[in-house]
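Presented below is the structure to which this report refers.
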Amino acid sequence: MLLIPCPYCGFPRPEIEFRHAGEAHLMRPEEPASDEAYAAFLYERENPKGIAAERWRHVHGCGRYFNALRDTVSDRILAVYKPGEVRPEVAS
Amino acid sequence: MHFSFLSLLRQAFANHEGWQPYWQQAAPKPFYDIVIVGAGGHGLSTAYYLASEFGMRNIAVVEKGWLGGGNTARNTTVIRSNYLWEESEAIYEHSLKLWESLSHVLNINVMYSPRGVMMLAHNHHDTMVLKRHVHANRLAGIDNEWLTPEEAKAFCPLLNIEQNIRYPVTGAALQRRGGVARHDAVAWGYARAAAALGVDIIENCPVTGIRRGADGAVMGVETGKGFIGAKRVGVVAAGHTSVLMEMAGVRMPIESFPLQALVSEPVKPMMPCVAMSNTIHAYMSQSDKGELVIGAGTDVYTSYSQAGGLHISQHTLEAICELFPATRRMKMLRNWGGIVDVTPDRSPIIGKTPVPGLFVNCGWGTGGFKATTGSGHVFAATLASGEPHPIAAPFSLDRFRTGRLIDEAAAAAVAH
């Protein structure tokens with residue numbers, strides 16, 4: 000089970016308090032947008048083997064969304080940051 | 000070498016010293032008509048059907064590890080074809096029919112055992128969904144029947160049908176032709192038959208790049224054993240599809256999740272069928288060795304770690320203990336994870352990509368083993384002609400742009 004530090008609630012908490020909410024930093028395309036742009040927004044994912052930026056929601060805590068950087072090979076969480084903040088630079 | 004009672008007898012008198020390896024270790028040639036990336040069940044069956052049915056001989060299968068060592072070695076071997084939509088029914092039924100003659104065709108015992116796959120309903124919603132599947136399947140000529148809780152217990156006496164438990168059984172959908180097969184024998188059988196037809200199987204050969212020409216078309220693959228040229232490249236890499244397609248600059252509608260399974264200590268035959276419950280993410284069958292083979296749902300986050308969270312398998316075992324109280328004091332011997340490639344509509348992607356000469360067969364998610372046969376067959380047809388086989392055509396990558404999704408989430412979101 001992952002231990003996830005919520006940037007609002009502090010110290011690491013068990014994964015079952017959270018809901019995974021998919022890839023972070025996806026932007027809805029500006030209208031008018033092509034079918035390709037919508038397909039990319041809705042379905043195409045980076046799915047990296049390495050550092051992934053992803054959203055989590057602390058459903059059994061503050062209820063808020065935040066972003067995390069996680070290494071998808073080791074499952075180690077490298078950084079957490081709030082929505083709107085710039086993705087931090089980390090070494091894997 | 001043909002396997003038969005006679006060859007067994009002959010070897011018995013010769014101290015079993017004359018058996019040959021199933022396939023020879025091949026060194027890569029500079030150029031092939033078709034290179035298949037990934038020597039799992041689907042990749043090997045693709046190579047076999049290309050050679051046996053579509054007359055291609057200059058084929059290589061390259062594999063970063065050893066043959067059949069990924070999800071082929073890790074899955075729980077459930078075979079069934081009772082999917083909801085016509086497109087899915089076509090490909091899974093095509094696969095099931097190929098399973099029925101596979102041991103004979105490959106001259107190896109793949110231990111295909113049509114012992115029945117029973118899908119349990121636990122509430123009104125489950126009942127309606129599974130009955131809808133039963134009716135859809137019967138319209139398509141695919142066997143699937145509805146059982147009352149009493150009939151389900153008659154078919155699987157271990158089942159607890161008390162109505163005072165957390166997830167009471169309200170009925171079940173049974174596909175009698177569904178069952179299990181021996182996963183390693185499937186990979187080895189396809190490899191042996193393909194190698195006998197001249198296919199080069201190149202293990203320990205990771206693909207590090209996909210080379211494209213000035214016109215954008217595929218020229219071949221960069222590997223740990225040097226560049227291998229190819230007219231067409233087929234990527235059949237399951238959980239690592241996104242990583243490989245990225246090498247050709249193609250972004251995929253795929254996310255990779257860990258899917259866990261576990262086996263118990265071996266016991267005498269007690270479980271006569273496959274029972275599965277999508278609602279509580281658990282399914283169980285018994286292997287010929289006597290181990291209970293138990294599968295869980297996927298973890299919630301994407302990962303390549305081939306290990307999931309323990310709370311996921313704990314949740315599954317709680318459900319198994321309640322549905323099959325006889326298992327409560329059994330010990331679990333091993334648990335493990337595989338990395339499955341999940342698409343947004345839980346249906347596979349088979350066919351062309353935006354890169355000329357590059358083809359992909361992926362997105363089988365949590366339930367690809369059952370389609371090893373049919374997937375390889377229709378992908379071989381697609382690679383041989385360059386155009387999608389009619390059964391593969393609806394599963395195009397383009398469907399995510401056109402919106403013609405094949406939404407099997409209700410059937411296949413979790414367990415297989």
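If you're matching them up, the sequences are chains Y and V in order. Going letter by letter, the first sequence gives residues 0 to 91 in numbering that gives the first Met the number 0. Going letter by letter, the second sequence gives residues 0 to 415 in numbering that gives the first Met the number 0. Ideal Cβ placement from N, Cα and C applies to all residues, glycine included.
For V354/V and A216/V, the gap between their C-alpha atoms comes out near 6 Å. In this structure, the beta-carbon distance from A281/V to Q259/V does not fall below 8 Å. For L357/V, the CB contacts under 6 Å within the same chain, skipping 5 residues up- and downstream, are V217, V232 and A247 in chain order. For E317/V, there are no neighbours in chain Y by C-beta distance under 9 Å, as the nearest C-beta there is about 14 Å away.
DSSP places Y47/V in the helix class (H, G or I) of the three-state scheme.
For L2/Y, the uninterrupted beta strand (DSSP E) segment begins and ends at L2 to C5.
Your pair Y303/V and V72/Y checks out as a contact, with CB atoms roughly 5 Å apart and the cut at 8 Å. A buried status is given to S94/V, since no fewer than 16 other beta-carbon atoms sit within 10 Å of its beta-carbon.
Taking each of T278/V, G69/V, L309/V and V377/V in turn and checking the Cα distance to M118/V, the smallest one comes out for T278/V. Note that the region 57–64 of chain V touches the region 186–205 of chain V; at least 3 beta-carbon pairs, one per stretch, sit closer than 8 Å. Where T381/V is concerned, the enclosing alpha helix (DSSP H) starts and stops at T371 to S384. With a beta-carbon spacing of about 6 Å, R54/Y and Y64/Y fall inside the 8 Å limit used to define contacts.
The C-alpha of R56/Y is placed about 44 Å away from the C-alpha of D287/V. Contact note: K81/Y does not reach chain V at a C-beta cutoff of 9 Å; the least C-beta distance is about 19 Å.
In this structure, the alpha-carbon of P148/V lies about 16 Å from that of V133/V.
In the assembly as shown, S384/V is an exposed residue. Its beta-carbon has fewer than 16 other beta-carbons within 10 Å. Close partners of F399/V in chain Y (Cβ separation under 8 Å): A38, L41, Y42 and E43. N66/Y has R54/Y and Y80/Y as its beta-bridge partners, per DSSP. Separation of A172/V and N143/V (C-alpha to C-alpha, rounded to the nearest whole angstrom) is 6 Å. Around H19/Y, the beta-carbon contacts reaching into chain V at under 7 Å are V299 and Y300. C-alpha of H314/V to C-alpha of D70/Y: approximately 25 Å in a straight line.
The C-beta separation of D74/Y from L1/Y comes to about 6 Å, placing the pair in contact by the 8 Å criterion. With a 10 Å radius around the Cβ and a threshold of 16 neighbouring Cβ atoms, S3/V comes out exposed. By the Cβ test, the region 6–17 of chain V is not in contact with the region 329–342 of chain V, since fewer than three Cβ pairs between them sit closer than 8 Å. Not a single CB atom of chain Y sits nearer than 8 Å to the CB of V234/V.
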